[in-house]
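Note sheet for the following structure.
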Amino acid sequence: MVVAMPRRSKILDLPPDVKAELDRRLITGGFCDYEGLSAWLQEQGYDISRSGVHRYGQGFEGRLASIRIATEQARAVSEAVGDSEGHMNNALITLVQEKAFDVLVNLQTEDPQAFAKIFPKLGVMVAKLSKASVDQKKWMAESRRKALEDAADAAEKTAKQEGVSPATIEKIRRDVLMMAG
2 MVVAMPRRSK
12 ILDLPPDVKA
22 ELDRRLITGG
32 FCDYEGLSAW
42 LQEQGYDISR
52 SGVHRYGQGF
62 EGRLASIRIA
72 TEQARAVSEA
82 VGDSEGHMNN
92 ALITLVQEKA
102 FDVLVNLQTE
112 DPQAFAKIFP
122 KLGVMVAKLS
132 KASVDQKKWM
142 AESRRKALED
152 AADAAEKTAK
162 QEGVSPATIE
172 KIRRDVLMMA
182 G
């Protein structure tokens, strides 16, 4: 039995600007009015049926939903561990690490020779991802510390202008800087 591959969507062959506008219209239109979108494409000089636009729209909507879900899950996981920034970066690092692990597990049983070749490369990749994650967290901590120092400097300047006592100014400064952790 021969199974035919589905035809490539004509939409994938559209010029980037036309495809981007179609994507925008799909999103803003709530993935509806495929007849109207087909007519708009016809006006642009492209003969794509309503059902062709619908098939593309369904796939695009599904990919968009997956991205939204992944983003929301990444944000929820990051918030649960006390991280307020870098949700997508953390999610991407985790996803790549999980996929690398899956590849290793599958190759180890299915193709031990390929496993032996790829294992060191995946190890290097995981090390680089871990370093990137650590570097990002260091950068975020340094940015927060710098912002709090700037806030403490501004508070000190204002307090001096208002005639606040040096002891109170020092306490305000210390309290602001303690927010850095």
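Position 131 of the sequence shown, counted from 1, bears residue number 132 in the numbering used here, the numbering being contiguous throughout.
We treat Cβ as the ideally placed atom computed from N, Cα and C, and that holds for glycine.
When DSSP states are grouped into helix, strand and coil, Pro16 belongs to the coil group. Three or more beta-carbon pairs separated by less than 8 Å link the segment 149–157 to the segment 167–179, which places the two stretches in contact. Looking only at Asn107, Thr159, Ile170 and Ile28, the smallest Cα-Cα distance to His55 is reached by Ile28. The Cβ neighbour count for Gly58, taken over all protein chains shown within 10 Å, is at least 16; the residue is labelled buried. Going by beta carbons, Phe32 and Glu73 fall outside the 7 Å limit. Asn91 is classed as buried because its beta carbon has at least 16 other beta carbons within 10 Å across all chains shown. For Arg25 against Leu38, the beta-carbon gap comes to about 11 Å, at or over 8 Å, which does not count as contact.
Taking C-alpha positions only, Ser52 is separated from Lys147 by approximately 55 Å. The straight-line gap separating the alpha-carbon atoms of Leu93 and Val125 is approximately 17 Å. Buried is the label assigned to Leu42, since at least 16 other Cβ atoms lie within 10 Å of its Cβ. For Val165, no alpha helix (DSSP H) segment is defined, and its DSSP state is neither H nor E. Taking the CA atoms as reference points, Gln114 sits about 50 Å from Tyr35.
According to the DSSP assignment, Tyr35 belongs to the alpha helix (DSSP H) that extends over Tyr35 to Glu44. Approximately 18 Å separates the beta-carbon atoms of Ala101 and Val135; this is outside 8 Å, ruling out the contact.
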